[in-house]
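Engineer: Numbering (our numbering), first residue to last: 1251 to 1400.
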Ligand SMILES: CC(C)(COP(=O)(O)OP(=O)(O)OC[C@H]1O[C@@H](n2cnc3c(N)ncnc32)[C@H](O)[C@@H]1OP(=O)(O)O)[C@@H](O)C(=O)NCCC(=O)NCCS
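1. Between 1357, 1350 and 1263, which has its C-alpha nearest residue 1387's C-alpha?
2. Just confirm the distance between the C-beta atoms of residue 1331 and residue 1296, as a whole number of angstroms; I'd bet it's less than 8 Å.
3. With residue 1332 as the anchor, note down where its alpha helix (DSSP H) starts and where it stops.
4. How would you call residue 1394, buried or exposed, if buried means at least 16 neighbouring beta carbons within 10 angstroms?
5. Output needed for residue 1271: all residues of its chain with C-beta closer than 7 Å, excluding positions within five of it in sequence on either side, in chain order.
6. What's the C-alpha gap between residue 1321 and residue 1379?
7. Please tell me whether, using a cut-off of 7 Å, the distance from the CB of residue 1392 to the nearest non-hydrogen atom of ligand 1 is below it.
8. In this structure, does DSSP put residue 1351 in helix, strand or coil?
9. Please report the straight-line C-alpha distance between residue 1253 and residue 1300, rounded to a whole angstrom.
10. Using the beta-carbon of each residue, find all residues closer than 6 Å to any heavy atom of ligand 1 and list them in chain order.
11. Between which two residues does the beta strand (DSSP E) containing residue 1366 stretch?
12. Cβ atoms of residue 1335 and residue 1304: under 8 Å apart, would you say?
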């Protein structure tokens, strides 16, 4: 099956919101996505055979980047889409001159920890009781100036 990672724009707000609602809680609305684009965020959509199956949102500022969200439809997980989205963000960050990418993830989100570690991220620290239900956040970083594929 063909996998394509495409740039998302504010016009993709409805598609992004639909994908996000199937992947994450709380869901972000199309309005939320448009506001994030307006504030400088960039987006990606992963398509398999043309069908939107995954999304990512990130931002770059100065020499740093931050992954804001990433998700893959439950029916399409473990097929490499999450990794392809992260690799695309790492490439764009590298081209954009960022030295490091950051993100935070719930301590209990094993698939996400697996994905980030597989993509070269290392744990930087813990934000205690960071989420509304008091779950901790683990902060990860990845140096993107060195190409992990090389
Ligand atoms: C996290 C998520 C994006 C991973 O997407 P995915 O497309 O299934 O990931 P991939 O198939 O590209 O997997 C890449 C690597 O991640 C790791 N991984 C993926 N799923 C995993 C799981 N369930 N448990 C442990 N590691 C996992 C593996 O190392 C995998 O490499 P491998 O296939 O060679 O073993 C997906 O599970 C998801 O959408 N979860 C819900 C949303 C979410 O939690 N987002 C992250 C918020 S911080």
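All C-beta atoms, glycine included, are put in the ideal place defined by N, C-alpha and C.
Structural biologist: Taking the definition as stated:
1. 1357
2. 5 Å
3. 1331–1345
4. buried
5. 1277
6. 23 Å
7. Residue 1392 Cβ: outside cutoff for every heavy atom of ligand 1.
8. strand
9. About 8 Å.
10. 1273, 1274, 1320, 1321, 1322, 1327, 1328, 1329, 1330, 1331, 1332, 1333, 1355, 1359, 1360, 1361, 1362, 1364, 1365 and 1368
11. Run containing residue 1366: none in the beta strand (DSSP E); it sits in the alpha helix (DSSP H), 1360–1368.
12. yes
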